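Notes for the one structure printed next.
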Amino acid sequence: MRLYWLAYAAIFALTVLSFYGLINFGDEGLDTSLLQDSYFYAILGFTLKQALLSALFSVGIAIPIARALYFLPALRFKKLFLTFCLLCFVTPTLIVITGLVALLGRSGLLTPSLNTALSSFSESTWNLYGLSGILIAHIFMNMPLAVRIIYLQLQTIPDNSWKLASQLKLSKRQCFRIVEWPVLKSSSVLLLCFIFVLCFNSFAVVLALGGGPQSTTLEVAIYQALKYDFNIPEALTLAWTQLIVAGGLYWLITRSGGVSWQSIESSQYNWRPNQSSSARFWFSSLYGSAWLVLLLPYLSLLPGLFDSDLSSKDLKAIGRSALISISLAAIAACLAMALAFALLRPIRQAALKAQSKRVWLYESLATHALVAPAMVLSVGLFVYLLPRIDLDRWGIIFVVLLNTALVIPFAVQKLKPRLLQFDQQYDRLARSLKLTQQTRWKIEWPFIKEIYLATMGLVLVLAMGDVAIFSIFGSTDWTTLPWLIYGYASSYRIAEASAASFLLLTLCALFLFFLEKLSSRSTVSKQPIEPSQAYKGETHA
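Just so we're aligned: 303 in the working numbering is position 297 of the sequence shown, and the numbers increase by one with no gaps anywhere.
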């Protein structure tokens with residue numbers, strides 16, 4: 007049996023066990039009476055409401071910022087801004103939440119100013135906790151992603167379209183309606199749905215900023231039913247609802263083509279119409295405001311960090327949690343990269359034979375974990391393992407395994423284009439020379455090393471930011487840094503939360519920077535070793 011089929015069997019075993027737990031639990035099964043309870047529909051309604059509003063605001067704010075980037079190609083630090091937008095998306099959620107609490111919480115840096123502004127309109131005071139805080143956090147995390155995708159989509163507008171519009175002397179409104187909107191329409195709808203699913207599956211944001219039962223979403227309700235009330239039938243009913251809505255919508259998005267959020271900016275310059283001085287001023291102001299808004303939550307960690315007087319107990323807890331987070335994330339990332347490489351093997355073979363249907367089938371199987379939210383898989387596996395294993399002792403293993411399964415799709419999607427490019431250029435020559443697998447790997451590795459290490463950094467950061475899985479399987483003996491941050495923030499220990507968040511942010515940035523430098527330093531040339539040269543070297547040896 008080939009190794010890549012073992013990889014497929016391994017990821018499917020985890021999913022099958024999770025769904026077995028969702029379907030079969032003793033004689034109790036699902037709590038169908040919950041479907042007639044107003045509590046259930048209140049939770050579902052709020053989940054849909056906050057996800058829809060978050061998606062609309064994120065895309066609505068992103069469009070003018072993306073247009074500013076597009077129409078002013080000479081903006082300073084534009085590439086850095088686009089990279090920062092991607093980093094905002096993959097940054098662990100608890101870092102953002104801590105920054106927002108330090109900035110806009112009860113004792114936040116901007117809270118007095120907000121209260122003063124609100125007092126002129128009404129007697130109410132500013133409150134971060136509730137729908138307002140959830141929307142702000144979701145917009146902060148998803149708007150940069152939308153900016154990047156919309157900007158890259160605008161770059162696909164042909165030069166001739168703008169030249170023709172200029173010749174016809176179309177107004178700015180007509181240009182947007184006739185030239186820009188047809189290009190943005192389909193991608194904006196898909197992007198809206200994608201962000202909706204992300205916000206629908208949001209757990210850490212609502213758990214930390216929900217502020218009470220009136221702001222509870224399905225994932226938080228699942229967590230409360232399972233860990234606080236130990237009402238497994240209710241948790242299963244909520245989990246199935248989560249899966250049907252979020253999983254079904256994500257499946258429709260992938261069937262429609264999906265959204266490309268990992269693309270890089272094209273270096274080719276496209277012709278754009280000249281902008282008036284007033285338009286350039288507003289676009290530049292919008293660009294500067296976007297920088298300021300995105301940086302503020304991170305900068306707001308610094309005052310708490312400097313003011314914190316951490317005890318030796320806190321320092322020990324933060325250091326221990328950091329080591330646990332690094333270890334668990336490193337194991338999950340290494341497993342995910344190895345499995346992703348194995349899962350791509352049949353995809354590559356099918357692509358070489360031009361079997362497009364098989365490519366789609368294998369890729370769907372390799373990335374199927376994207377359809378099921380992390381909380382749903384965690385609940386199903388928890389319910390299955392509960393009567394069989396001492397989860398207080400062995401639960402941390404399943405934190406690693408579930409994290410591995412959930413980051414594999416990202417690794418597969420980033421590695422696939424580069425590996426398919428290698429196969430197109432060198433597979434026929436390598437097979438004609440009858441190279442061994444070991445020799446072929448020596449040729450292939452320099453070709454993919456840069457993207458491999460960059461992908462490793464991405465999945466490592468994603469694994470380090472896990473909260474949902476740890477909330478189900480974690481224990482106090484293995485507290486990770488994000489869960490420790492949540493503990494500090496929920497008890498209003500903002501100074502300690504800021505210190506721990508700054509450490510987590512530093513670790514994530516260092517891992518990404520180190521792996522990127524390592525890949526660029528080790529890649530002497532962009533071109534791989536020629537197979538014929540490698541073959542000669544092997545023969546000579």
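Virtual Cβ for every residue (Gly too), placed ideally from N, Cα, C.
All figures in this text were calculated on a predicted structure; none of them were measured in a lab.
Where do the N-terminal and C-terminal ends of the alpha helix (DSSP H) with residue i fall, by residue?
| i | result |
| --- | --- |
| His144 | Leu137 to Leu160 |
| Trp132 | Run containing Trp132: none; DSSP gives neither H nor E here. |
| Ile389 | Correcting the residue type first, residue 389 is Val in the shown sequence and not Ile. Run containing Val389: Ala380 to Leu391, per the alpha helix (DSSP H) assignment. |
| Ala245 | Ile238 to Gln248 |
| Gly254 | Gly254 to Arg261 |
| Asn409 | Leu397 to Ser438 |
| Val226 | Leu224 to Tyr229 |
| Lys84 | Lys84 to Val96 |
| Gly27 | Leu9 to Ile29 |
| Thr122 | Thr117 to Ser125 |
| Ser221 | Ser221 -> no alpha helix (DSSP H), and no H or E assigned at all. |
| Gln42 | Per DSSP, Gln42 belongs to no alpha helix (DSSP H) and is neither H nor E. |
| Ile184 | Counting along the chain, Ile184 falls outside any alpha helix (DSSP H), and DSSP gives it neither H nor E. |
| Gly310 | Leu307 to Asp313 |
| Leu109 | Thr99 to Leu110 |
| Leu215 | Ala210 to Leu215 |
If the criterion is Cβ atoms closer than 7 angstroms, does the pair residue i and residue j meet it?
| i | j | result |
| --- | --- | --- |
| Val211 | Ile140 | yes |
| Leu358 | Leu425 | no |
| Thr53 | Leu215 | no |
| Ala375 | Arg364 | no |
| Ala245 | Val382 | yes |
| Gly114 | Tyr304 | no |
| Leu5 | Phe517 | Absent from the structure is residue 5, since the part of the chain shown begins at 7 and ends at 547. |
| Gly136 | Gly217 | yes |
| Asn633 | Pro379 | Only positions 7 to 547 of the chain appear in this structure, which leaves residue 633 out of reach. |
| Leu20 | Tyr390 | no |
| Phe200 | Ile250 | no |
| Ala57 | Leu198 | no |
| Val203 | Ala152 | no |
| Leu459 | Leu513 | no |
Taking 8 angstroms as the limit between beta carbons, can you name the residues of its chain near residue i, skipping five residues before and five after?
| i | result |
| --- | --- |
| Glu369 | Ile353, Val418 and Lys422 |
| Ala16 | Leu345 |
| Phe146 | Cys94, Val102, Leu106, Val299, Leu300 and Pro303 |
Less than 7 angstroms between C-beta atoms, sequence neighbours within five positions excluded: which residues of the same chain meet that for residue i?
| i | result |
| --- | --- |
| Ser384 | Leu408, Ala474, Ile475, Ile478 and Phe479 |
| Trp297 | Phe87 |
| Trp484 | Ile330 and Ile402 |
| Leu292 | Pro70, Ile71 and Ala74 |
| Glu502 | Ser314, Leu316, Asp320 and Tyr494 |
| Trp489 | Val473, Phe476 and Gly480 |
| Leu300 | Phe90, Cys94 and Pro150 |
| Ala348 | Leu9, Tyr10 and Ala13 |
| Leu176 | Ile184 |
| Ser306 | Gly105, Ala108, Leu109 and Leu115 |
| Phe63 | Leu141 and Ile145 |
What did DSSP end up calling residue i once you bin it into helix, strand or coil?
| i | result |
| --- | --- |
| Val465 | helix |
| Gln281 | coil |
| Tyr498 | coil |
| Asp472 | coil |
| Thr53 | helix |
| Ile330 | helix |
| Asn166 | helix |
| Val377 | coil |
| Leu198 | helix |
| Lys363 | helix |
| Pro79 | coil |
| Ser481 | coil |
| Asp235 | coil |
| Arg354 | helix |
| Leu441 | coil |
| Leu174 | coil |
Enumerate in chain order the residues of its own chain whose CB-to-CB distance from residue i is below 6 angstroms, with the five nearest sequence positions on each side excluded.
| i | result |
| --- | --- |
| Trp11 | none |
| Gly294 | none |
| Ala469 | Ala335, Ala338, Ala339, Asn409 and Val413 |
| Pro279 | Trp168 and Ser172 |
Any beta carbon from chain D within less than 7 angstroms of residue i's own beta carbon?
| i | result |
| --- | --- |
| Ala123 | Among the chains in the structure shown there is no chain D, since it carries only a single protein chain. |
Could you tell me how far apart the beta carbons of residue i and residue j are, in whole angstroms, since I believe they sit closer than 8 angstroms?
| i | j | result |
| --- | --- | --- |
| Thr99 | Gly471 | 6 angstroms |
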